[in-house]
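The listed protein sequences derive, respectively, from chains U and A.
Per my numbering, the first sequence starts with residue 65, numbered consecutively.
Per my numbering, the second sequence starts with residue 65, numbered consecutively.
2 protein chains.
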Amino acid sequence: MKPRRKIYMVAGYNTISMGTGRKEFNPKKERAGLEEYLKEAGQGTLQQIGGAKNVDEGVVGNFMAARFNNQGHLGAFMAMIDQGLRYKPSLRVEGACASGGLALVSGIKSVLSESADTVLAIGVEVQNTVKAIYGADILATAGWNKRRKDGHAYFFPGQFSDRAGAYFQKYGREKTRLAMARWYRNAIENARLCTTAQEYANVTDDLDEAGIAEPNPKAFTDFLNYTDCSKVSDGASAIAIVSEEGLKKAGIPLKDAVEVVAVGHATDDITSNPEDPTVMSTIREAVKIALNDAGITVDQLATIETHDCFSIAGLITLESIGLAEPGKGADFILEGNTSRTGKIPINTTGGLIGWGHPTGATGVHQAVTVWEQLTGRAGDAQINIPADKPYALSINMGGDDRTVVAIVYKKTM
Amino acid sequence: MKPRRKIYMVAGYNTISMGTGRKEFNPKKERAGLEEYLKEAGQGTLQQIGGAKNVDEGVVGNFMAARFNNQGHLGAFMAMIDQGLRYKPSLRVEGACASGGLALVSGIKSVLSESADTVLAIGVEVQNTVKAIYGADILATAGWNKRRKDGHAYFFPGQFSDRAGAYFQKYGREKTRLAMARWYRNAIENARLCTTAQEYANVTDDLDEAGIAEPNPKAFTDFLNYTDCSKVSDGASAIAIVSEEGLKKAGIPLKDAVEVVAVGHATDDITSNPEDPTVMSTIREAVKIALNDAGITVDQLATIETHDCFSIAGLITLESIGLAEPGKGADFILEGNTSRTGKIPINTTGGLIGWGHPTGATGVHQAVTVWEQLTGRAGDAQINIPADKPYALSINMGGDDRTVVAIVYKKTM
């Protein structure tokens, strides 16, 4: 989708991604809930745009508060964030781990429909309310209930382990395993530069060694290590989606915004299996639409935020979006192209493996990271944005390549 | 919101509202699940608009499949309905029992944003998977978790019983109880004219007597009877939301569509209590916006589909939207104004009490009923649409007056 009028994102805010790895995290102590995360992120954005009076609508991306927190109806928390939002339109959107991306799409459409000049988009998830194995059962609702009966106890790790196994068989195991370890190393190295990242304080000496260890199928899955997995996180991210008018109202100069130049949103059938487990076909479709509608090629991207729920998903995505030929994704990573100083820096604050994965928040977090990078706000994690590559791409995925939101952003000046 | 371009709804479809009261319903036998309901309703609409090739996007309104059916990610069921929808954008939206209305709002914005000419909007809920008391706990997630701890076991019946109690105290009990009984009688009489209604086969001789019986607080709530409550239902409803171009592509003449002339969408703070339990203030705000933006008064409405999750909600709504003065809602009902031959026929196929309340589907069902009435498709339930009153209104509510979607529709010719 090519926007019918100018549209921007501004005023991003991330809470800490909370969970194992953070010093503040103590599983036995009471911790912040949905309310605190929504408030912190929502108010963090409101403070940058002149307050609730400048907001016309709200949207919340959330996957499974229904089970993690025994709470539905999250759109109705907007006025809790700020009483100035009372009676304004608000809703929750959901597409499993793409819920955050869908919140962005929903906000973008509100602005394009001219029902709003400014939409407050928040993604949130608070998952550390249950043990990991029960959490896996909750997250498994992103897949088809009737198929889950036959799946792995850790359903999604099992799904992506199967993808890894198929990839190993087709293209070889050794180099792929090395590349997955490198993906992990890049993620942690980037996370160490971002104060809100869950792995910010990671002090592992040899990340390559940690990432290369052979999986222990009895403990987890056949082909994935814990280092291949995204984090179990609590967190929220917020950003404002605005028209030119909304930007003016907020008193924000154009240089502090990123332009949304195209959106690709694609959905596949949850009841079907991937035709080829070594391809992410819905990601391929969504990114193709986004790049086409933006009128650019993948080589014009300065950075990508991609959905590495598992390192193998990151690797296969590189091939499915045309950065590497099929079977050459591992080489592409091992040559250093995806590192923060490489040809195309990916997940510059750590991605889902390093920064964290508060599921319903992740899509919004990606947009916030892109906004930070393209406006020079990324602090220690700042990468160079070449003048001839003013574009960035985010890829947010729900389920096993079933719902995908891909957005192309442009530096404004 | 006043649409920035012409927008219509066409090709509605309702499944049966399944549950107690339907002859087909046997709680001990396996019944249709989400998949079957989504397929029946989705295909029912697709068949009327020339198939999936004419659909650009999909949206699913659903409240709590996460717990009723252990299933999230409902947007990814679109391509299961028809493989022609594969890779097209789709998402789920949620706002408790207003989820269906939010699906309509989301589809309307897609068309207004020009990202779609035709959106397939489906609402679905399959609730008879658990006993009523556990179902009440699931539905209670529409309220704030932290307040629910102090509430009634049947949380929402408890909330609306409290409203009824406050209303009785302020305006008197006897006449109000009579009006609630009449609301029930109207609902059942209308449902008996609609083959998909859950109370279609209701054979109670004396509906007034059934509705007037004094509540037994030990069995249920202080101030509400079972006859004051909406049904526990399984069901789905679908409708197509189209631009003029979408209407042409579907090959549907204008007379078979209804125009969407205005939308009012308002949200209140889920963590707060109603300021005055005898007023529905969010309904008041949403309807005010919808009528204002439509440029009409409540007297120009030929019919209203309103969210009578409990009869007292229906009664108070009449006052909050200006049909009756505060305290005069009971008189308005008892004078016969809301019956199918009255001044303003309300819930002409039975509403939530008579037709049924498959929660996430209800908002879409309301639109389908309006579409049927304004295009002369309502069969035995057809009411007269006066030439000088070509408008209809739907009011869909989530939680206790927290999320409201009000839509004004117009007969096209």
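Glycine included, C-beta positions come from ideal geometry on N, C-alpha and C.
Quick caveat, the model's predicted, so the values are computed rather than measured.
- Closer than 8 angstroms to the CB of S225/A there is not a single CB belonging to chain U.
- Within the model, the alpha-carbon separation for Y231/A versus I360/A is close to 29 angstroms.
- Excluding the 5 residues flanking it on each side, G115/A has same chain C-beta neighbours closer than 7 angstroms at G148, in chain order.
- In this structure, the beta-carbon distance from I449/A to K475/A falls below 8 angstroms.
- Bounds of the alpha helix (DSSP H) holding L242/U are 238 to 255.
- One thing to note: I186/U has its Cβ within 8 angstroms of the Cβ of A105/U.
- Sequence-distant partners of E99/U (beyond 5 residues in either direction) whose C-beta falls short of 8 angstroms from its own C-beta, in its chain, are F141, M144.
- At a C-beta separation below 7 angstroms, R131/A has these neighbours in chain U: A130, R131.
- For L155/U, there is no enclosing alpha helix (DSSP H); the residue is found in the beta strand (DSSP E) stretching over 154 to 158.
- Chain-order list of chain A residues neighbouring T335/U: E99, A140, F141, A143, M144, by C-beta distance under 9 angstroms.
- Closer than 8 angstroms to the CB of L166/A there is at least one CB belonging to chain U.
- With fewer than 16 neighbouring CB atoms inside 10 Å of its own CB, N90/A falls in the exposed class.
- Residue pairing of F374/U in beta bridges, as defined by DSSP: C293/U.
- Shown in chain order are the members of the segment 116 to 127 of chain A whose Cβ falls below 7 angstroms from a Cβ of chain U: F127.
- Runs of the alpha helix (DSSP H) lying entirely within the segment 417 to 465 of chain U, each at least 4 residues long, are 426 to 438 in chain order.
- Secondary structure note for D272/U: its alpha helix (DSSP H) is the uninterrupted segment 271 to 276.
- Chain A places no beta carbon closer than 8 angstroms to that of A377/U, leaving this residue out of the contacts.
- Ranked by Cα distance from F219/A, the first of G229/A, Q233/A, L203/A is L203/A.
- Contact with chain U is found for P153/A, since one of that chain's Cβ atoms lies less than 8 angstroms from the residue's Cβ.
- A direct Cα-Cα distance of roughly 16 angstroms separates T346/U from L138/A.
- From the listed residues E339/A, M244/A, I303/A, P390/A, the smallest Cα separation to L398/A is found for M244/A.
- Assignment of L311/U by DSSP, reduced to helix, strand and coil, places it in the helix class.
- Its Cα nearest to that of T109/A, the residue V306/A stands out among G275/A, V306/A, A326/A.
- Interface criterion met: the Cβ of M65/U is under 8 angstroms from a Cβ in chain A.
- Chain order gives the chain U residues near R68/A as S177, E178, S179, where near means a beta carbon separation below 9 angstroms.
- Burial is judged here by how many other beta carbons sit within 10 angstroms of a residue's own beta carbon; G400/A has fewer than 16 and is exposed.
- S174/U reaches chain A at K173, counting residues in chain order whose Cβ is nearer than 7 angstroms.
- Counting only residues of its own chain and dropping the five nearest sequence neighbours on each side, I380/A has a CB closer than 6 angstroms to the CB of M344.
- Bridge pairing for C161/U: G159/U [DSSP].
- With contact defined as three or more Cβ pairs closer than 8 angstroms, the segment 278 to 292 of chain A and the segment 447 to 466 of chain U are not in contact.
- Non-local beta-carbon contacts of S154/A in its own chain, meaning distances under 6 angstroms to residues more than five positions away in sequence, involve G122, G139, M142 in chain order.
- In this structure, the beta-carbon distance from N133/A to T84/A does not fall below 8 angstroms.
- A straight-line Cα-Cα distance of about 10 angstroms links R86/U and T259/U.
- The bridge partners DSSP lists for N78/U are S301/U.
- Taking 7 angstroms as the cut-off between beta carbons, none of the residues of the segment 382 to 393 of chain U comes near chain A.
- The C-beta of V157/U comes closer than 8 angstroms to at least one C-beta of chain A.
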